[in-house]
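Note that UniProt numbering has the sequence shown beginning at 1, numbered continuously upward.
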Amino acid sequence: MGNTSSNNSRRATINHPETRNSSAKSSLLPLPPSSSLSVLEASPLLEVGEGATGHSSHRSQALKRAVSLDGFSSRLNDSFRRFYRSLSCTSLSGSGPQKRQSSNQSSRRPWSRVSRRRWNEAALADDRLRTRTCWPVTHAESLFLPQFPVDSHAERRYVVVEYIANGAFGKVHRVRKANGDAGQDFALKVLSKSEIINGNAIRQLKDEVDIQTICGHHPFLAKCVEYWQSKKKVFLLSNYYPNGELFQKFKSFPFELVRLYIAEIALALDFLHQAGVIYRDLKPENVLLDQDYHVRLIDFGLSKWLSIGSRTRTLCGTLQYMAPEILENDPYGHAVDWWALGVLACQMYTGEYPQLDVSKYLNKSEDIDKLIERAKVRKSTSASNNLLPDSVNDLPADARDLLKRLLETKPQYRLRSLLQLQRIALYKNYNWEDVRQKKISPRQMMDAEAVALGLEADKSFDLFDW
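What follows is the structure in structure tokens.
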């Protein structure tokens, strides 16, 4: 009877549900492989007498169940380790840095731990990924990255001295550093992000900054000092040139001064063309005079990367300075900048525009009609093929020759390179190296009658975009 009761108690211990659940739970713990055997040795399942051979079947079943549970727990532990290893750079044990995995296993790091080097390499590989960031930014900020870094406090470093002009997407102010340094002033261009986005001009603005940053070291081009963005604005900081626009200081231009200014502008245009840039916006409002009265080209908003020999068809510019091939909506190249230089030279020599029959070249479109209405240009009805005004006849022969070569309606026959300009009669025996190094002073060519100090600002400021 005693043996029977003890056997029944042992059998009850084996078949009781709570005992089975507790043993299963203990086997699920992350124990080493040898731990299951120690549990079995200490378990009542193995405390059966040597003579009790009738219970061998129960013992073998319990052993199989424990072994299967131990295998399941080890596989479950491996699965948890692989899962946590994919989410973090350290293992669950925290014993040290994670070992480098084999090449056939993919190791993914969380987005907050992506290295800056990997981010730069991946972002620069594809233009569409250049706005990807490792930190949360707004959509309006990501559109202007990475050219414009986010800096909401940079504008506090400058104080506004005076208002200069209106632009297409904002205003231009004359500013000075807030620390009290009155030795140098800057021109701060403040643009509205909403207007830029609505005008689909994000790519145009980025090209403007890139071109001005890369080419700004030229002596006759304006340099962009700094640029950044805030939540709603984009800022471009450039050098300030105190003598204003080209036609604000002069009532008339001496011939020698015209020759010098045309040479300086030609050097700037040739530099841009050799760098793979077409300017497309040469006009008096975009030609400023520095403290020594040398020219500086500004406003690269309409500039575009265009290699020599390539063509584009974008309709843009100021109507009075647009070449005939642009008006006809034909493909055009860098020769359009030399046409604009001819129009500018005609203004400096005579004070008049060329007599171009606009209706002959215009391709009827809404864009052209808007340009005509904005510029208030009267279409000429004259059938004369002579583009030059009558006052050109009073100019020297070499000046007339320059205007005829630049204002050629056919771009293939037009003067369209610096080398061709250096070979004409006007620049015979001219020292171009002195012009490049600014050794020729414009002040020596001025007289009291030519300089008009304190003139009113040009009314064409409404079209000024800098």
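Cβ atoms here follow ideal geometry from the backbone N, Cα and C, with glycine treated the same way. Please read all numbers here as calculations on a predicted model, not as lab measurements.
{"Asked": "Assess, as a yes-or-no matter, whether the segment 202 to 210 is touched by the segment 238 to 245 under the definition of 3 or more beta carbon pairs within less than 8 Å.", "Found": "no"}
{"Asked": "What is the rounded straight-line gap between the Cα of Tyr349 and the Cα of Arg311?", "Found": "31 Å"}
{"Asked": "Roughly how many whole angstroms lie between the Cα atoms of Ala397 and Val258?", "Found": "15 Å"}
{"Asked": "For Glu226, which residues from the same chain have a beta carbon less than 6 Å from its beta carbon, with the 5 sequence-adjacent residues on both sides left out?", "Found": "Leu237"}
{"Asked": "With a floor of 3 residues, list each beta strand (DSSP E) that falls wholly inside the segment 139 to 172, ordered by position along the chain.", "Found": "158 to 166"}
{"Asked": "Quick one: give me the first and last residue of the alpha helix (DSSP H) that Lys404 is part of.", "Found": "Ala397 to Leu406"}
{"Asked": "So, does the segment 298 to 311 touch the segment 326 to 344, judging by three or more C-beta pairs under 8 Å?", "Found": "yes"}
{"Asked": "Only counting the same chain, and skipping five residues up and downstream in sequence, which positions put a Cβ closer than 7 Å to that of Ile326?", "Found": "Leu315, Gly317, Tyr332 and Val336"}
{"Asked": "Using DSSP with H/G/I as helix, E/B as strand and the rest coil, what is residue 479?", "Found": "Absent from the structure is residue 479, since the part of the chain shown begins at 1 and ends at 466."}
{"Asked": "Between which two residues does the beta strand (DSSP E) carrying Lys189 extend?", "Found": "Asp185 to Ser192"}
{"Asked": "Distance check for Val190 and Tyr279, CA to CA, integer angstroms please.", "Found": "22 Å"}
{"Asked": "Closest to Tyr163 by C-alpha separation, out of Phe148, Asp185 and Ser303, would be which residue?", "Found": "Asp185"}
{"Asked": "Could you tell me if Trp305 is buried or exposed, where buried requires 16 or more neighbouring beta carbons within 10 angstroms of its beta carbon?", "Found": "exposed"}
{"Asked": "Compute the Euclidean distance between the alpha carbons of His294 and Arg443, then round it to the nearest angstrom.", "Found": "9 Å"}
{"Asked": "Would DSSP call Leu306 helix, strand or coil?", "Found": "coil"}
{"Asked": "To which residues of the same chain is Val159 closer than 7 Å at the C-beta, ignoring the five residues directly before and after it?", "Found": "Val175, Arg176 and Ala178"}
{"Asked": "Going along the chain, which residues of its own chain have a beta-carbon closer than 6 Å to the beta-carbon of Ser391, five neighbours each way excluded?", "Found": "Thr350"}
{"Asked": "Quick one: which unbroken alpha helix (DSSP H) runs of 4-plus residues sit fully inside the segment 304 to 346? Chain order, please.", "Found": "324 to 327"}
{"Asked": "Assign Val137 to one of three DSSP states: helix, strand, or coil.", "Found": "coil"}
{"Asked": "For the candidate residues Pro254, Asp210, Lys233 and Val358, whose alpha-carbon lies nearest to that of Leu302?", "Found": "Asp210"}
{"Asked": "How many angstroms separate the CA atom of His153 from the CA atom of Phe169?", "Found": "21 Å"}
{"Asked": "Please determine if the segment 398 to 416 and the segment 429 to 446 are in contact, where contact requires at least 3 C-beta pairs separated by less than 8 Å.", "Found": "no"}
{"Asked": "Taking buried to mean at least 16 other C-beta atoms within 10 Å of its own C-beta, is Ala425 buried or exposed?", "Found": "exposed"}
{"Asked": "Could you check what DSSP says for Phe250 in three-state terms: helix, strand or coil?", "Found": "strand"}
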